[in-house]
Amino acid sequence: MSGVVCSLLFVLPVHAVEFNVDMIDAEDRENIDISRFEKKGYIPPGRYLVRVQINKNMLPQTLILEWVKADNESGSLLCLTKENLTNFGLNTEFIESLQNIAGSECLDLSQRQELTTRLDKATMILSLSVPQAWLKYQATNWTPPEFWDTGITGFILD
């Protein structure tokens, strides 16, 4: 009897994820695959229009970025190219140190734990946290030269 009581004291917590498909208003509920929504941070592979924020500094233009299917804990991966990182104001030395993911132009950012990305799905803002040493220049409200616009002619002298 004391063995049963002792074994009850050492119960490990278990977390189960269940979803009631009866809530879905569809005729064929049994063939709906909702497994992709079980993963935290899952973003379905595809191209999305996002605003980019680097170290809490919002870039002036929206960009179309791609998420690709991956075998990681979230099931998808942000595909950033050398051109993207150059436009974000990261220095060339850092960009050249990154390796491409096999068979694509996407850079493998997972090897750099200091660089983090997070997409707010409600506002579609991609937040990047980058060490200042990897930026070309950093100041409040600074915009990388790649986003500068010469504007329109304001005065013409004949």
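Counted the way mature numbering (1 follows the signal peptide of the UniProt record, and there is no 0) counts, the sequence shown spans residues -16 to -1, 1 to 142. Backbone N, C-alpha and C fix where the C-beta goes; we use that ideal spot for every residue, glycine too.
State the start and end residues of the unbroken alpha helix (DSSP H) segment that holds residue i.
i   : result
L69 : K66 to N71
S81 : T76 to S81
When the Cα atoms are used, what is the spatial distance from residue i to residue j?
i    : j    : result
T137 : A106 : 38 Å
K53  : L62  : 9 Å
T65  : S111 : 16 Å
F72  : Q83  : 18 Å
I38  : D12  : 44 Å
G25  : I109 : 14 Å
T76  : D6   : 53 Å
N56  : G30  : 17 Å
T134 : D9   : 53 Å
Based on the DSSP secondary-structure assignment, which residues constitute the bridge partners of residue i?
i    : result
C90  : Partner(s): none; C90 has no beta bridge.
N4   : DSSP, once it has assigned bridges, lists no residue as partnering N4.
Y32  : L49
D104 : I109
Q37  : M42 and S111
L119 : L74
On the three-state DSSP scale, how would you describe residue i?
i   : result
R13 : helix
Q97 : coil
S58 : coil
Any idea if residue i is buried or exposed, counting beta-carbon neighbours within 10 angstroms, 16 or more meaning buried?
i           : result
S81         : exposed
L49         : buried
I18         : exposed
A69         : One point to set straight first is that residue 69 is Leu, not Ala, in the sequence displayed. Looking at its Cβ environment, which holds 16 or more other Cβ atoms inside 10 Å, L69 is buried.
residue 222 : Nothing about residue 222 can be reported from this structure: the residues present for the chain run from -16 to 142 only.
V140        : The sequence given here places Ile at residue 140; Val does not occur at that position. Classification for I140: exposed.
W51         : buried
S60         : buried
L33         : exposed
W132        : exposed
By the DSSP assignment, the beta strand (DSSP E) with residue i in it spans what residues?
i   : result
N41 : N41 to K53
S19 : Run containing S19: none; DSSP gives neither H nor E here.
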